[in-house]
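Residue numbers (full-length UniProt numbering), protein chains in the order written: chain F, 1 to 581; chain C, 1 to 581.
Protein chains: 2
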Amino acid sequence: MINLILSSCSSLLLFLSLISFITSPTAISAQGVWPKPRTLSWPNPLATILSPTFTISSPYHQHLSPAVNRYRIQIVTEHHRPLVPPPVNLSNSSPPLRTLTITVKDLTSSLRHSADESYTLIIPTASPTANLTAETVWGAMRGLESFSQLVWGSKPLLVSVGLYIWDSPLFEHRGIILDTSRNYYPVDDILRTIKAMSANKLNVFHWHITDSHSFPLVLPSEPDLAAKGSYGNDMLYSPHDVARIVEFGLEHGVRVLPEIDSPAHTGSWAEAYPDIVTCANMFWWPAESQWADRLASEPGTGQLNPLNPKTYQVLKNVIGDTVALFPEPFYHAGGDEIIPGCWKADPAIQSFLSKNGTLSQLLETFVNSTFPYLVSLNRTVVYWEDILLDNNIKVDPSFLPPEHTILQTWNNGPNNTKLIVSSGYRAIVSSSEFYYLDCGHGGFLGNDSQYDPPPTSGNSGDGGSWCGPFKTWQTIYNYDIAYGLTPEETKLVLGGEVALWSEQADPTVLDVRIWPRASAMAETLWSGNKDESGKKRYAEAMDRLNEWRQRMVTKGIRAEPLQPLWCVKNPGMCNTVHPSA
Amino acid sequence: MINLILSSCSSLLLFLSLISFITSPTAISAQGVWPKPRTLSWPNPLATILSPTFTISSPYHQHLSPAVNRYRIQIVTEHHRPLVPPPVNLSNSSPPLRTLTITVKDLTSSLRHSADESYTLIIPTASPTANLTAETVWGAMRGLESFSQLVWGSKPLLVSVGLYIWDSPLFEHRGIILDTSRNYYPVDDILRTIKAMSANKLNVFHWHITDSHSFPLVLPSEPDLAAKGSYGNDMLYSPHDVARIVEFGLEHGVRVLPEIDSPAHTGSWAEAYPDIVTCANMFWWPAESQWADRLASEPGTGQLNPLNPKTYQVLKNVIGDTVALFPEPFYHAGGDEIIPGCWKADPAIQSFLSKNGTLSQLLETFVNSTFPYLVSLNRTVVYWEDILLDNNIKVDPSFLPPEHTILQTWNNGPNNTKLIVSSGYRAIVSSSEFYYLDCGHGGFLGNDSQYDPPPTSGNSGDGGSWCGPFKTWQTIYNYDIAYGLTPEETKLVLGGEVALWSEQADPTVLDVRIWPRASAMAETLWSGNKDESGKKRYAEAMDRLNEWRQRMVTKGIRAEPLQPLWCVKNPGMCNTVHPSA
């Protein structure tokens, strides 16, 4: 990682040779960029006026040009008023900034994993022109966002000058999972989320589209799945909607990665095809039965039947249509939480098992009937870690060649990440203990007697949420997703995703559950969570995140507050100086 | 309590003698009223059409008449579509319902504690007129709300018929605390909250207006307190704003109970009067000091100086103005969390203590200089329990005669309620373990190392919130505020209040933090949390609360979801049948 930084820093070193000292962290943090750039030099905290005729000059590009136009409008209309006035002086000698000139070295690079997102931004003191250079249009979008955050005020607008940024993410995969099956989100909610992701330099919208609860995705080859399996005609995603979301993602530098979870989490498929789904519409955990004999991980039963040939007819149509709708080279095929009891409820499977067949063999059959097809469609297949690590039902690694497979971890924190990468697989980290945004609001089951405690018991425990407690922004910010890995293993960690599962979420809480906590991950994965001395920087980050949260609210993102406004206006006064206060 | 029910039930008994059987709970719950009425009889689940010329006939009353007008418009425009279609048949023999006739026995009863809120609602099968009778206009408002919830659909609107309700709350004080000092809420947010309270038959908006963080209340006699102590000119409550809120409360049957917390929680007063506040603007818990030596319970220091005569000059102006602004006969004077270190920071107090004076004597001086004045203004004074129960600083009970004093409990669950009522004081219950809506989102302190755990530690504990975990709707619903009390003691429990403290709340999260969890308390305090057999009814309540939450969302209240829509549409399927799942 260090080598990467040094090799990319030659232009910085040139710049540094021209100036005498590096600015103090305080001055930088006052008028900052979130996530904090990898390298920001601003020796004298000076600003100049943004010219009323400010323009952005850029090469034409199908997706960059709309972004340039959007940022130009945003920059001159946003009028951000910092809660803590930045200690910045107006430069006496600087002309108004009239132009931001964008240079892109490779206009052909597509939006995909490992697309180069680096950029260099120079806003000089003595010139009316700032320069943004990037390898790709996606890096240019990142630089545009940083530039936009360096403009504030109104009548006149001010912009930082004498400033140099070289920037590039530590991790290439930085995403948010949204579950649109358990509850539905209108397209506008998804677009607003992608827009906010772009402002936080997050680049993967992992769309958990379908599950047992509803199937909202309209697929041309299998229209009945949504027609019968969705929550209703007003709760669908049409091909036109998907195209709009994908295009919106491209114009914001955000990949749209579809997940069609299977073979578990497919109860909704039974509305159209009851014969390909085992245990559908049954009570999830019958009375008198053990936890091991439940039919699903949570209410909403149903798993695709791996022994029914029709399963694969439907699945190939689903995969084919989904691949056609989503240009993204990654395809998330699910593979989590296959529950033995559900397959065992099927007579054909019972017969198979009685002849010494195993549940894992069933899963291998399923994988072998779908994975090669996905690979033939030039997709890298992402599975939840369960497909290899589950205690009961898992496939032999030989079915999943690492060059075509990525595993996403959600259990056991860094331990499972280590298991995955030490086996030679690439990993996406979504450890539930750190990255599950829905956790900590109690369980969603009805008739749950644990919430009827003796009233003398007082506070205790995690409140009944299996993944409680609530993940604070600090918990997320401090998580090191490559903890305990060797440098070689670390290279296999593509990045991370925070997740909003929707058992207890829908449009009413979408913004407040995601923001600003996803911003915390965004910074850690972009530039880390430590200062130059290697010390965790959460104390300093709090003040910057307070400002950034406020700026998101003025952008129309309903990000939740972290502190009283008094704390924001009095930086440091709401800190503790005692360990584990 | 039983006697009360029986004596109020004579008209029900008359009605029952005319019908043959009581409807099943299932039929009632399908098209329900939240909170569930004390007595609802609907032998045949029938509906009729609400006439396009539907009107409400009512005596004129300054506050009831606007409510009638509002409900008439709401009833014909809301077009509620139940998520689970109620198993109701259209009556063949019923005429369209043309009129709701309201009869109020006493039009002069003011909105105050113990105002009669009972009502009787009869919607006959064979008449175009329904009848709502109530002792007071406040009871009539409760009945109007119930009637409005019995109307649904569109083209045509339908209304339940053959239905009888007698209703009256179990507890007379049912409130919500909102803290507008730590973060500010615009007036419209407060009005929307009061409107939602009224829809839930909650009747006390406990307005924690001021605290150490800001003083947003503009007082004519002490204008500098807000001018200097508020967050800014756009974050004030003017006398006109207060009048609007109080009047809005009257038109919704919601009392507006002001709290001016003192002598602690007054740091913001120091902006105008630095000399009457000890330890203002100091770092709250200095390094190297013990927790016992901190200066405040949380960041934001400052306590009124009980030895400075000017303190009482200012306070009397504050009290006088507040009493003039708020007609409510209760006045909340605070009295919580007086921290020794803050008073000890003052030289005059140091001198007093060195002469064998005690901190409790200082508090007694303070109470004796304010409490009699409040009583002289015909106010019943509410204090937080700390004023009598704090370990370090408390007054002798002789300073607080029970006939003029109410204590609000927030610690130790039912234990402190018992302490309060067994001492002869009336109690308002806000046990933090059950009723604090802000809890469970982690701590708000900056630089808090507890959120940097070894990443192998996984989930555990309450997430660092002192009052974690999150209080689920079931936790709130199941809490029995009179647990462990004798019948005589129970009479001293006026009711309860859920609280939204605003360290981590502001307008972005207002609705989602309060609703529908406050609805859970609303039902428990109105009609209890048990069915006719004495069994807790949280399983059945879940389905009804899902519907009610959805109806609140369509009313513009951003109430958070409790379950996937699939669970709502498949009642019972997301239950557990296993204890403590």
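Where is the CB? At the ideal position from N, CA and C, for every residue including glycine.
At which residues does the beta strand (DSSP E) containing F/Q408 begin and terminate? First-last of the beta strand (DSSP E) with F/Q408: 405-409.
State yes or no: is the beta carbon of C/Y425 nearer than 8 angstroms to at least one beta carbon in chain F? False, the Cβ-Cβ gap to chain F never drops below 8 angstroms.
For chain C, is any of its Cβ atoms less than 8 angstroms away from the one on F/L304? By this cut-off, F/L304 is not an interface position.
For chain F, check one thing: does any of its Cβ atoms lie closer than 8 angstroms to the Cβ of C/L295? Interface with chain F (8 angstroms Cβ-Cβ cutoff): C/L295 is excluded.
According to a CB-to-CB cut-off of less than 8 angstroms, which residues of the stretch 536-552 of chain F neighbour chain C? If the cut-off is 8 angstroms between Cβ atoms, the stretch 536-552 of chain F has K536, Y538, A539, M542, D543 near chain C.
Residues near C/E271 by beta carbon distance below 7 angstroms, same chain, minus five either side: Answer for C/E271: K228, G229, listed in chain order.
Which runs of the alpha helix (DSSP H) at least 4 residues long sit entirely within the stretch 472-499 of chain F? Give them in chain order. If we require 4 residues or more, the alpha helix (DSSP H) runs fully inside the stretch 472-499 of chain F come out as 473-478, 487-490.
Listing by chain order, which chain C residues have their CB less than 8 angstroms from the CB of F/H80? None at all; the shortest Cβ gap to chain C is about 16 angstroms.
Nearest by alpha-carbon distance to C/L157: which of C/E135, C/P45, C/L90 is it? Out of C/E135, C/P45, C/L90, C/L90 has the C-alpha closest to the C-alpha of C/L157.
Any chance the stretch 109-118 of chain F sits against the stretch 209-228 of chain F, with 3 or more Cβ pairs inside 8 angstroms? No, because fewer than three Cβ pairs between the stretch 109-118 of chain F and the stretch 209-228 of chain F fall closer than 8 angstroms, the two stretches do not touch.
With F/D167 as the anchor, note down where its beta strand (DSSP E) starts and where it stops. Unbroken beta strand (DSSP E) run through F/D167: 163-167.
I believe C/R544 touches C/G32 by the beta-carbon criterion, under 8 angstroms. Please report the beta-carbon distance rounded to the nearest angstrom. About 5 angstroms separates the two Cβ atoms, so the contact holds.
Return the bridge partner residues of F/Q303 from the DSSP annotation. DSSP output for F/Q303 lists F/T278 as bridge partner(s).
Going by DSSP in three states, C/V84 sits in which element: helix, strand or coil? If DSSP states are grouped into helix, strand and coil, C/V84 belongs with coil.
Once you ignore the five residues that flank F/N281 on each side, which residues in its own chain have a CB closer than 8 angstroms to its CB? Excluding residues within five positions, the ones whose Cβ falls inside 8 angstroms are G267, A270, T301, G302.
Under 9 angstroms between beta-carbons, which chain C residues line up against F/G442? List them in chain order, please. G440, P469, F470, K471, T472, W473, Q474, T475, listed in chain order.
I'd like to know whether the C-beta of F/H208 is nearer than 8 angstroms to at least one C-beta of chain C. Not an interface residue.
If C/V498 and C/T417 are in contact, beta carbons under 8 angstroms, what's the gap, nearest whole angstrom? In this structure C/V498 is not in contact with C/T417, their Cβ atoms being roughly 15 angstroms apart against a cut-off of 8 angstroms.
Could you run through the stretch 346-358 of chain C and flag, in chain order, every residue whose CB is less than 7 angstroms away from some CB of chain D? Within the model displayed, chain D is absent; protein chains F and C are what it includes.
In chain order, what are the residue ranges of uninterrupted alpha helix (DSSP H) at least 4 long that sit wholly in the stretch 385-432 of chain C? For the stretch 385-432 of chain C, whole alpha helix (DSSP H) runs of length 4 or above, ordered along the chain, are 386-389, 413-422.
Would you please state the rounded distance, in angstroms, between the beta carbons of F/F452 and C/N415? I believe it to be under 8 angstroms. Checking the sequence, you will find Asp at residue 452 of chain F rather than Phe. Actually they are not in contact, since the Cβ atoms of F/D452 and C/N415 sit about 18 angstroms apart, beyond 8 angstroms.
Neighbour flag for F/D506 against chain C, beta carbons, 8 angstroms: F/D506 counts as touching chain C.
According to DSSP, which residues form a beta bridge with C/H578? Looking at the DSSP assignment, C/H578 forms no beta bridge with any residue, so it has no partner.
Starting from the C-beta of C/A559, find all residues in its chain whose C-beta is less than 6 angstroms away, skip the five residues before and the five after it, and write them out in chain order. Excluding positions up to five away in sequence, the list reads W515, P516, R549, M552, V553.
Grab me the residues of F/H578's own chain with a C-beta within less than 6 angstroms of its C-beta, minus the 5 sequence neighbours each way, in chain order. Counting only residues of its own chain and dropping the five nearest sequence neighbours on each side, F/H578 has no CB closer than 6 angstroms to any other CB.
Give the interface partners of F/Q563 over in chain C, defined as CB-CB distance under 8 angstroms, in chain order. Going along chain C in sequence order, the residues near F/Q563 (Cβ under 8 angstroms) are F444, G446, E503, Q504.
C/N529 classed as buried or exposed, judged by whether at least 16 other C-beta atoms fall within 10 angstroms: It is buried - the Cβ of C/N529 has at least 16 other Cβ atoms within 10 Å.
Would you decide whether F/T486 is buried or exposed? Buried here means 16 or more other CB atoms lie within 10 Å of its CB. So F/T486 ends up on the exposed side.
Which chain C residues sit within Cβ distance under 7 angstroms of F/T576? Those within 7 angstroms of F/T576 in chain C are W285, L445, N447, D448.
Mind listing which residues of the stretch 166-187 of chain C have their C-beta closer than 9 angstroms to chain F's C-betas, in chain order? When C-beta distances to chain F are compared with 9 angstroms, the residues of the stretch 166-187 of chain C below that value are S181, R182, N183, Y184, in chain order.
Under a three-way DSSP split, which group does F/F21 fall into? Its pLDDT being 30, under 50, F/F21 is placed unreliably by the model, and nothing is read from it.
Going by DSSP in three states, C/P309 sits in which element: helix, strand or coil? The three-state secondary structure of C/P309, taken from DSSP, is helix.
Identify the continuous beta strand (DSSP E) that holds F/S57 and give its terminal residues. Unbroken beta strand (DSSP E) run through F/S57: 46-57.
Which residues in the same chain have their Cβ closer than 6 angstroms to the Cβ of C/T278, if we skip the five residues on either side of it in sequence? Taken in chain order, the residues that qualify are Q303, N305, C342, W343, A345, D346.
Can you list, in chain order, the residues of its chain with a C-beta nearer than 6 angstroms to that of F/H79? Leave out the 5 residues immediately preceding and following it. The answer, listed in chain order, is S154.
Cα separation between C/P186 and F/P564? Spanning the two alpha carbons is a distance of roughly 15 angstroms.
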